[in-house]
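S.K.:
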Amino acid sequence: MELVKRGFQFLVSIHSKLIHKYYQHIYRKRKLKTFLMGVGCLYLLRRFSQLGMALTPSIRRNLIGRYGEESWAIVTGGSDGIGKEFCIQLAKQKFNIALVGRNQKKMDQVCLELQSFGVQTKFIVADFNDGYTEEFYNKIYQQVEYLDISLLVNNVGVREAGQFEQQRMEDSFMMLRVNALSTLMMTRVLINKLQNRNKKSAVITISSGQAYLPNPFLSVYSGTKAFTNYFTQSLALTSKNIDFLSVTPLSVNTDMMNNKKESYTIETKELVQNVINDLREGKTHSFGCYKHKRIINHLLWRNQKYRNNAKIKMGVDLRNIHQQQNRLEEEQQK
Ligand SMILES: NC(=O)c1ccc[n+]([C@@H]2O[C@H](COP(=O)([O-])OP(=O)(O)OC[C@H]3O[C@@H](n4cnc5c(N)ncnc54)[C@H](OP(=O)(O)O)[C@@H]3O)[C@@H](O)[C@H]2O)c1
């Protein structure tokens, strides 16, 4: 009898344990469900707000309103590629445009194009490859001193690809001067002017995805882009009156890419529109587009061997483009 009683008690305890476990399971499942629903709702909310921002320009930050009506944007290397697209998009937003570049004829043509948007234009002839003294930048400053400059786009850049030890020293110096020193010095000569305005100002620096994915055949270029990216993001940390934005895209369809389109190459228009939206949203860093952000983050997350192989492949592609460009130039010269 005692044995039956114990057996029965044992069965009852197993039964109650099972019921308890079952309810625990239901409870956890409900908790998980509630958690997942919460995440889903937050995601939807974010997407809807982004959609809302995209559809209603009036609730987005009005750029010219923020930086001041009739103010000027100064764009380095504005005669072509990404720089030219910046000039067009900013002129459409009613910024007056000052270009700094080396080719007077090209800048003259861009200015004519920009005037059709009803804005004032100006260009300053300067070859940044000659810019290794303070005096060089002071001369540029003197030509724009009287303008109400609210926006500086540090865009000018050159890229030479190849094995470091085989590269001409002159090319390495050129990349340091045109890519890195120009960003440092243009920001330096304009910073007080930008800081002391009644309205906010902005500095956009076009760095590169190579700043995050240093590349074997672009060692000097990657280094200069890492410099401009860190430089701009450092200034962003404590700046009150100036919105600093560093841009690190991968491949953009310009002369620099020799019109070679990779699957992840984007057009200048898409890049510049995204960058302007990121500036509106108050970001200090932009990948230029979601596709490039995904690729860079994916590679940074993968293990070192995979990442290095991807970087080498990217480097080989860019070196090939560079060699093709050189061959074309040689043929044209013959
Ligand atoms: N294209 C890409 O895939 C890519 C990706 C990431 C970052 N970026 C960066 O984006 C920026 C713009 O590149 P991009 O693709 O638009 O290049 P781009 O089409 O070659 O245009 C470069 C611009 O800079 C000017 N420039 C070049 N050297 C100069 C010098 N020594 N002095 C004055 N002006 C000079 C060019 O003037 P001229 O018309 O006289 O040549 C041109 O207006 C660069 O900083 C580049 O590193 C480009």
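If you count by the UniProt record's numbering, then the sequence shown holds residues 1 to 334, one letter each, in order.
Quick reminder that beta carbons are idealized off the backbone N, C-alpha and C, glycines included.
1) Could you say which of 5, 144, 211 lies nearest to residue 286 if we only look at CA atoms?
2) For residue 105 and residue 323, I'd like the C-alpha separation in whole angstroms.
3) Does the Cβ of residue 58 have 16 or more other Cβ atoms within 10 Å, making it buried, or fewer, making it exposed?
4) Does any heavy atom of ligand 1 sit closer than 7 Å to the C-beta of residue 249?
5) What is the residue span of the alpha helix (DSSP H) that residue 272 lies within?
6) If you check the beta carbons only, do residue 178 and residue 128 fall under 8 Å apart?
7) Where does residue 247 sit, in a helix, a strand or coil, going by DSSP?
8) Identify whether residue 290 lies in helix, strand or coil by the three-state DSSP scheme.
9) Where does residue 156 fall in DSSP's three states?
10) Rounded to whole angstroms, what's the CA-CA distance from residue 154 to residue 276? Just pull it up for me.
11) Taking residue 144 as part of the alpha helix (DSSP H), name the residues at either end of that continuous run.
12) With a cut-off of 8 Å on the beta carbons, I'd call residue 91 and residue 114 a contact; round off their distance for me.
13) Would you mind listing the beta strand (DSSP E) stretches within the stretch 38-93 that are 3+ residues and don't spill past its ends, in chain order?
14) How close, in whole Å, do the beta carbons of residue 219 and residue 164 come, if the pair is a contact with beta carbons under 8 Å?
15) Mind checking residue 330: buried by the 16 CB within 10 Å criterion, or exposed?
16) For residue 232, which of helix, strand or coil comes out of DSSP?
17) Just tell me which of 176, 27, 130, 250 has its CA closest to the CA of residue 270.
18) Going by Cα to Cα distance, which pick from 201, 194, 17 is closest to residue 404?
19) Return the residue from the list 103, 72, 70, 62 that minimises the CA-CA distance to residue 80.
20) Within the present structure, is the beta-carbon of residue 156 separated from the nearest heavy atom of ligand 1 by less than 7 Å?
21) Should residue 84 go down as buried or exposed, given a rule of 16 or more other Cβ atoms within 10 Å for buried?
M.R.: Considering the structure as presented:
1) It is 211 whose Cα lies nearest to the Cα of residue 286.
2) So the alpha carbons of these two residues sit roughly 27 Å apart.
3) Only weak support is given to the placement of residue 58: the predicted model assigns it a pLDDT of 49, under 50, and the question is left unresolved by the model.
4) The answer is yes for residue 249.
5) For residue 272, the uninterrupted alpha helix (DSSP H) run begins and ends at 268-280, by DSSP.
6) Cβ distance < 8 Å, so residue 178 and residue 128 count as in contact.
7) Three-state result, residue 247: strand.
8) DSSP places residue 290 in the helix class (H, G or I) of the three-state scheme.
9) Per DSSP, reduced to three states, the secondary structure at residue 156 is coil, with no helix or strand assignment.
10) Rounded to whole angstroms, residue 154 to residue 276 spans 14 Å at the Cα level.
11) According to the DSSP assignment, residue 144 belongs to the alpha helix (DSSP H) that extends over 134-144.
12) Rounded to the nearest angstrom, the Cβ distance from residue 91 to residue 114 is 4 Å, consistent with a contact under 8 Å.
13) You should have 72-76.
14) In this structure residue 219 touches residue 164 by the C-beta definition: roughly 5 Å separates them, less than 8 Å.
15) Exposed: under 16 other Cβ atoms inside 10 Å.
16) DSSP places residue 232 in helix when its eight states are reduced to three.
17) Of 176, 27, 130, 250, the residue nearest in Cα terms is 250.
18) Here the chain has residues from 1 to 334 only, and residue 404 is not among them.
19) Proximity to residue 80 across 103, 72, 70, 62 peaks at 103, based on C-alpha coordinates.
20) True, at least one ligand heavy atom lies under 7 Å from that Cβ.
21) Its Cβ being crowded by 16 or more others within 10 Å, residue 84 is buried.
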